[in-house]
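Everything in the sequence shown is counted per the working numbering, starting at 717 for the first residue and increasing by one. C-beta atoms are modelled at their ideal positions from N, C-alpha and C, and glycine is treated no differently. A quick write-up on the structure given underneath.
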Amino acid sequence: MDLVEAFQTEIEFWNDMLCNQTEETSPEILQRMQMAKRLAEQKLHLYSAEGLDSVN
(Lines of atoms letter the chains of each structure in order from A and count residues from 1; the text may use other names and numbers.)
(Lines give C-alpha, C1' and ligand atoms only; values in the text may rest on other atoms or scores of the structure.)
Protein backbone atom coordinates (compact mmCIF):
# COMPACT_ATOMS: atom_id res chain seq x y z
CA MET A 1 0.00 0.00 0.00
CA ASP A 2 1.42 3.37 -0.94
CA LEU A 3 0.90 6.59 1.00
CA VAL A 4 -1.97 7.83 -1.16
CA GLU A 5 -3.89 4.61 -0.50
CA ALA A 6 -3.04 4.84 3.20
CA PHE A 7 -4.35 8.41 3.42
CA GLN A 8 -7.51 7.46 1.52
CA THR A 9 -8.05 4.49 3.82
CA GLU A 10 -7.62 6.73 6.86
CA ILE A 11 -10.13 9.23 5.48
CA GLU A 12 -12.63 6.45 4.82
CA PHE A 13 -12.09 5.11 8.33
CA TRP A 14 -12.86 8.46 9.96
CA ASN A 15 -15.81 9.05 7.64
CA ASP A 16 -17.27 5.66 8.59
CA MET A 17 -16.68 6.38 12.27
CA LEU A 18 -18.46 9.72 11.98
CA CYS A 19 -21.39 8.19 10.09
CA ASN A 20 -21.86 5.55 12.80
CA GLN A 21 -22.13 7.94 15.73
CA THR A 22 -25.35 8.49 17.60
CA GLU A 23 -26.88 11.46 19.35
CA GLU A 24 -25.38 10.11 22.55
CA THR A 25 -21.84 10.62 21.30
CA SER A 26 -20.23 13.48 23.15
CA PRO A 27 -19.47 16.62 21.15
CA GLU A 28 -15.81 16.37 22.16
CA ILE A 29 -15.49 12.93 20.61
CA LEU A 30 -17.22 14.06 17.42
CA GLN A 31 -14.93 17.07 17.22
CA ARG A 32 -11.81 14.92 17.62
CA MET A 33 -12.96 12.54 14.90
CA GLN A 34 -13.73 15.44 12.56
CA MET A 35 -10.29 16.90 13.26
CA ALA A 36 -8.63 13.54 12.56
CA LYS A 37 -10.48 13.23 9.26
CA ARG A 38 -9.53 16.78 8.25
CA LEU A 39 -5.91 16.08 9.14
CA ALA A 40 -5.88 12.98 6.95
CA GLU A 41 -7.47 14.96 4.11
CA GLN A 42 -4.86 17.69 4.52
CA LYS A 43 -2.02 15.14 4.49
CA LEU A 44 -3.38 13.65 1.27
CA HIS A 45 -3.77 17.09 -0.29
CA LEU A 46 -0.25 18.18 0.65
CA TYR A 47 1.27 14.90 -0.45
CA SER A 48 -0.51 15.08 -3.81
CA ALA A 49 0.26 18.79 -4.28
CA GLU A 50 3.96 18.12 -3.91
CA GLY A 51 3.81 15.51 -6.66
CA LEU A 52 5.34 12.96 -4.34
CA ASP A 53 2.73 10.37 -5.20
CA SER A 54 4.37 9.93 -8.62
CA VAL A 55 7.60 8.79 -6.96
CA ASN A 56 6.09 5.53 -5.69
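With a Cβ-Cβ cutoff of 7 Å, do residue i and residue j count as a contact?
i       : j       : result
Leu-734 : Tyr-763 : no
Ala-756 : Glu-726 : yes
Lys-759 : Phe-723 : yes
Determine the direct distance from the alpha carbon of residue j to that of residue i, and round the result to whole angstroms.
i       : j       : result
Asn-736 : Arg-754 : 17 Å
Glu-744 : Glu-766 : 33 Å
Gln-750 : Asn-731 : 8 Å
Glu-740 : Leu-746 : 10 Å
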